[in-house]
Amino acid sequence: MSIAQTLPVEILAAVFEYALIRDAKLTASSASLLRPLSHVCSQWYWAAQAYSALWRDISTRADSPAWVDASLARSRTARNLQLDVSVDRVSASAPVPTHVARILAEAGRARCLSLSGPALASRLRYLPQGPLSRLTKLVLTTHLEPSLEPEDAETLFKHEMPRLKCLDTVNCLLPWASTCWAEIGKTLSKLSLGSIAPASRPSPRELHSFLSSLPALENLRLHDVLAIYPPAGSPSGAAVPEITLPRLEFLIINESSVPSTAAFLSAVVRERSDCCLNITFETRRPSSMTLLMHVTALAAAASSFLRLPASPATPEASPAVSSPPREKHNMKLCETSERSIRLDLRSATSGVALCSLQILTDAANSSSGMAPYALPPSPPSSTTPLPATEDDNDWVAALPLVFSHARPMHSFEVDSLAFQHARPWLWSFAAARASPPAHVAAHGPAALGLLAALVLPLPLPSELPLLLPPEFDVAPNASANERGTENEARLALHAMTHLTLRDVDFAEGFGVALASTLEARAASHGVAGVQSIRLEQCAISEAQVDALRSCPAIGIVEWDGLCTVETSSASA
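All letters in the sequence shown, in the order written, are residues 18 to 589 by the numbering used here.
Here it is in structure tokens:
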């Protein structure tokens with residue numbers, strides 16, 4: 018906490034030295050006891066004045082004008098100041114206060130400068146004329162109408178900022194085509210552009226030219242900026258040039274326009290294969306089919322952005338030379354709240370996050386009610402479909418299928434109430450061209466969807482192939498002779514060797530259905546059984562665990578012994 022947010026040492030020293038000691042109600046003995054304390058406070062007072070590091074953070078948001086003047090006076094020898102100048106709407110039209118002008122005049126010694134509120138341009142003329150040689154972070158914020166015109170911003174950025182690494186702007190108009198970015202772009206590694214008014218947003222070509230002048234950019238955040246982008250494939254969109262960001266490591270996008278986001282992702286060219294993509298998409302009360310189209314297009318664009326470069330072909334003259342194996346990844350699909358679904362993609366070896374796609378749904382249109390858990394799954398030998406529940410969550414099942422084209426999968430984990438219903442095609446990504454996952458985990462009621470995928474054939478919705486780009490082929494990469502019937506080719510999770518069930522209730526015959534399904538599946542389709550099943554915090558009895566261990570299609574059953582239920586209360 019800043020010392021300015023606590024009781025100033027001058028007040029403490031004055032209270033102990035004068036107010037208490039000179040109080041007529043105190044006896045002489047009491048006053049003598051307080052004199053040593055007064056001496057300590059006096060020493061603290063002088064030490065605080067001499068320690069310039071205490072006065073580096075100066076803010077008009079929390080500090081009074083008198084305190085600002087005192088801080089500036091005591092920070093003459095301090096380097097790397099952090100200056101925060103905030104003006105509310107009421108005082109925007111008034112003259113710039115004296116203490117604010119004094120703060121801005123010290124910007125040449127500042128490491129961090131934050132300007133917020135309306136009328137930013139009126140405060141820029143108080144900045145020093147010389148270079149801002151120590152400035153590493155600049156924050157410009159106005160949540161109302163844009164108060165920083167491009168010509169005013171260009172005057173600011175014409176200052177020499179040889180160490181500027183971070184630029185954070187909210188609702189500010191920047192000189193997109195200015196030549197000043199040639200020098201700033203040499204050091205700028207983090208950029209955040211947020212909440213530009215629709216009428217003031219730059220054109221795609223202006224934004225592309227601006228970003229291309231920042232070759233050192235590693236972290237890019239865009240919030241409500243890309244709505245000006247035309248849909249991918251349109252005549253106007255085809256003219257948008259590529260953006261080359263060779264060092265881009267983190268790309269964060271929070272937009273409400275799917276075509277704009279997809280067009281921007283298709284234009285970005287980066288060299289790092291471990292670039293982390295973070296997308297947040299908030300729906301605008303669309304229909305279920307419209308939402309499926311939006312999510313599929315968004316996932317396809319993100320998948321194309323994350324796709325690894327093709328491995329070089331091995332020359333026929335050197336058959337011994339082979340390309341290195343492609344790194345596999347872990348995919349997790351979870352429900353973070355009642356109206357938020359998130360898909361995370363991480364490296365299976367390093368654990369580095371590669372993608373986080375978050376969909377904020379409309380709670381009024383989504384159905385997250387519990388499935389009829391009292392109904393046991395159909396036997397594996399039966400062709401009767403499981404009872405399906407109609408809701409608006411079908412669009413979520415497109416995410417794993419589309420993202421499986423981006424990176425080879427090692428594991429797939431599902432933790433969401435949206436997948437408790439019978440949606441076999443949720444798991445159909447395992448039959449796509451990308452390598453299917455060997456480790457599968459299901460949490461809670463999502464295990465019902467997993468069991469449904471093991472029991473039923475995998476009919477994909479007829480609309481899905483029409484929504485995907487041509488490069489996203491939902492058919493398996495095998496000839497007709499190799500794959501047999503179409504149902505066998507689309508057999509879900511055929512490469513699953515390890516299964517984890519967490520917080521699953523084994524009541525109503527779930528354990529029996531799981532064991533018989535795996536056994537019949539291995540016998541009828543020639544798929545190897547699972548090597549191990551891990552049970553974590555599951556409501557299961559010892560008898561049910563023994564039944565799983567006796568199944569020939571299950572190798573090892575690992576059980577943590579938690580949440581044990583009595584045999585009498587468990588289903589046989």
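Virtual Cβ for every residue (Gly too), placed ideally from N, Cα, C.
- Message: Please report the distance separating the alpha-carbon of A124 from that of L265.
- Response: As a working mapping, residue 124 is identified with position 107 in the sequence shown. As a working mapping, residue 265 is identified with position 248 in the sequence shown. Their backbone Cα atoms lie some 29 Å apart in a straight line.
- Task: Can you tell me the Cβ-Cβ gap for G461 and D432, rounded? I've got them flagged as a contact below 8 Å.
- Result: Numbered from 1 along the sequence shown, position 444 holds the residue referred to as residue 461. Numbered from 1 along the sequence shown, position 415 holds the residue referred to as residue 432. That belief holds up - the Cβ atoms of G461 and D432 are roughly 7 Å apart, short of 8 Å.
- Query: Where does the unbroken alpha helix (DSSP H) through V544 begin, and where does it stop?
  - Reply: Along the sequence shown, read from residue 1 onward, the residue named residue 544 stands at position 527. No alpha helix (DSSP H) contains V544, which DSSP labels as neither H nor E.
- Between the C-alpha atoms of T196 and T159, what's the straight-line distance to the nearest angstrom? Start at 1 with the first residue of the sequence shown, and residue 196 comes out as number 179. Start at 1 with the first residue of the sequence shown, and residue 159 comes out as number 142. Those two C-alpha atoms are separated by around 24 Å.
- Check the DSSP bridge columns for D361 and list the partner residues they point to. For the purposes of this step, residue 361 is identified with residue 344 of the sequence shown, where counting begins at 1. According to DSSP, D361 bridges with K349 and S373.
- Item | Coarse secondary structure for Q561, derived from DSSP in three states | As a position in the sequence shown, residue 561 is number 544, starting the count at 1. Of the three classes helix, strand and coil, the one that applies to Q561 here is helix, per DSSP.
- Query: Which class does W576 belong to by DSSP, given the choice of helix, strand or coil?
  - Reply: As a working mapping, residue 576 is identified with position 559 in the sequence shown. Strand, per DSSP.
- Task: Look up H511 in the DSSP assignment and say whether it is helix, strand or coil.
- Result: Stepping through the sequence shown from its first residue, residue 511 is reached at position 494. Three-state result, H511: coil.
- Query: For S533, which option in D522, L518, L231 and A570 has the closest C-alpha, if you only look at C-alpha atoms?
  - Reply: For this step, residue 533 is matched to residue 516 along the sequence shown. Considering only alpha carbons, the answer is A570.
- Message: Taking the beta strand (DSSP E) that V102 belongs to, which residues open and close that run?
- Response: If you number the sequence shown from 1, residue 102 lands on position 85. Segment L98 to S103, the beta strand (DSSP E) holding V102.
- Quick one: what's got a C-beta closer than 6 Å to A365's C-beta in the same chain, skipping five residues either side? Numbered from 1 along the sequence shown, position 348 holds the residue referred to as residue 365. Excluding sequence neighbours, A365 sits near K345, H346, N347 and H427.
- Query: With DSSP run on the structure shown, which of helix, strand or coil describes A136?
  - Reply: Position 119 of the sequence shown holds residue 136. Note: A136 maps to coil in three-state DSSP.
- Quick one: what does DSSP say G211 is sitting in, helix, strand or coil? For the purposes of this step, residue 211 is taken as the residue at position 194 of the sequence shown. Three-state DSSP puts G211 in a strand.
- Task: Select from T297, F436, W198 and C568 the residue whose C-alpha is nearest the C-alpha of T172.
- Result: Translated into positions along the sequence shown, residue 172 becomes position 155. When only C-alpha atoms are compared, the closest one is W198.
- Item | I571 - partner residues in DSSP beta bridges | The sequence position of residue 571 within the sequence shown is 554, counting from 1. DSSP lists V547 as partners of I571.
- How big is the Cα-Cα spacing for P454 and A280? As a first step, residue 454 is located in the sequence shown; it is residue number 437 there, counting from the start. As a first step, residue 280 is located in the sequence shown; it is residue number 263 there, counting from the start. The straight-line gap from Cα to Cα measures roughly 30 Å.
- F298 to Q375, Cα distance in whole Å? By one-based count along the sequence shown, residue 298 stands at place 281. By one-based count along the sequence shown, residue 375 stands at place 358. Roughly 6 Å separates the two Cα atoms.
- Query: Does the distance from the CB of C372 to the CB of L308 come in under 8 Å?
  - Reply: Your numbering for residue 372 matches position 355 in the sequence shown. Your numbering for residue 308 matches position 291 in the sequence shown. No; because the gap between Cβ atoms is not below 8 Å, this pair is not in contact.
- Item | Sub-8 Å separation of H515 and V547 beta-carbons | Here residue 515 refers to the residue found at position 498 of the sequence shown. Here residue 547 refers to the residue found at position 530 of the sequence shown. Result yes, Cβ atoms of H515 and V547 sit closer than 8 Å.
- Item | Minimum C-alpha distance to L181 - residue among L190, A170, T278 and K154 | Here residue 181 refers to the residue found at position 164 when the sequence shown is read from its first residue. Out of L190, A170, T278 and K154, K154 has the C-alpha closest to the C-alpha of L181.
- Helix, strand or coil for A194, going by three-state DSSP, please let me know. For the purposes of this step, residue 194 is taken as the residue at position 177 of the sequence shown. In this structure, A194 counts as coil in the three-state DSSP scheme.
- Runs of alpha helix (DSSP H) wholly within the segment 211-238 (minimum 4 residues, chain order): 221-229
- Task: Starting from V187, follow the beta strand (DSSP E) in both directions and report where the run begins and ends.
- Result: The sequence position of residue 187 within the sequence shown is 170, counting from 1. Counting along the chain, the beta strand (DSSP E) containing V187 begins and ends at C183 to V187.
- Query: Per DSSP, S76 forms a beta bridge with which residues?
  - Reply: Counting from one through the sequence shown, the residue named residue 76 turns up at place 59. DSSP lists D101 as partners of S76.
- Cβ neighbour criterion (16 or more within 10 Å) applied to A314: One-based indexing of the sequence shown puts residue 314 at position 297. By the 10 Å Cβ count, A314 comes out buried.
- Task: Determine the direct distance from the alpha carbon of A530 to that of V413, and round the result to whole angstroms.
- Result: Translated into the one-based positions of the sequence shown, residue 413 becomes position 396. Translated into the one-based positions of the sequence shown, residue 530 becomes position 513. Approximately 26 Å, taken between the alpha carbons.
- Minimum C-alpha distance to V285 - residue among V312, F227 and D241: The residue you call residue 285 lines up with position 268 of the sequence shown. Out of V312, F227 and D241, F227 has the C-alpha closest to the C-alpha of V285.
- Message: Could you check whether the Cβ of A470 sits closer than 7 Å to any heavy atom belonging to the ligand HEM?
- Response: With respect to small molecules bound, the structure shown includes none, and the ligand HEM cannot be examined in it.
- Report buried or exposed for D74, applying the criterion of at least 16 other Cβ atoms within 10 angstroms of its Cβ. In the sequence shown, the residue the question calls residue 74 occupies position 57. Under this definition D74 is a buried residue.
- Sequence ranges, beta strand (DSSP E) only - wholly within the segment 257-281, length at least 3: 267-272
- What first and last residue would you give for the alpha helix (DSSP H) that runs through D432? Residue mapping note: residue 432 aligns to position 415 of the sequence shown, counting from 1. Note, D432: premise wrong, no alpha helix (DSSP H); beta strand (DSSP E) at M426 to D432.
- Query: Since A316 and L416 are thought to touch, with beta carbons under 8 Å apart, how far apart are those beta carbons, to the nearest angstrom?
  - Reply: As a position in the sequence shown, residue 316 is number 299, starting the count at 1. As a position in the sequence shown, residue 416 is number 399, starting the count at 1. That pair is a contact at about 5 Å.
- Roughly how far, in whole angstroms, is the beta-carbon of G202 from the beta-carbon of A233, given that I think they are within contact range, below 8 Å? As a position in the sequence shown, residue 202 is number 185, starting the count at 1. As a position in the sequence shown, residue 233 is number 216, starting the count at 1. Confirmed, about 6 Å.
- Identify whether A463 lies in helix, strand or coil by the three-state DSSP scheme. Start at 1 with the first residue of the sequence shown, and residue 463 comes out as number 446. Here A463 sits in helix by DSSP.
- Query: When the distance is taken between beta carbons, is E553 closer than 8 Å to D577?
  - Reply: By one-based count along the sequence shown, residue 577 stands at place 560. By one-based count along the sequence shown, residue 553 stands at place 536. Going by C-beta atoms, D577 is nearer than 8 Å to E553.
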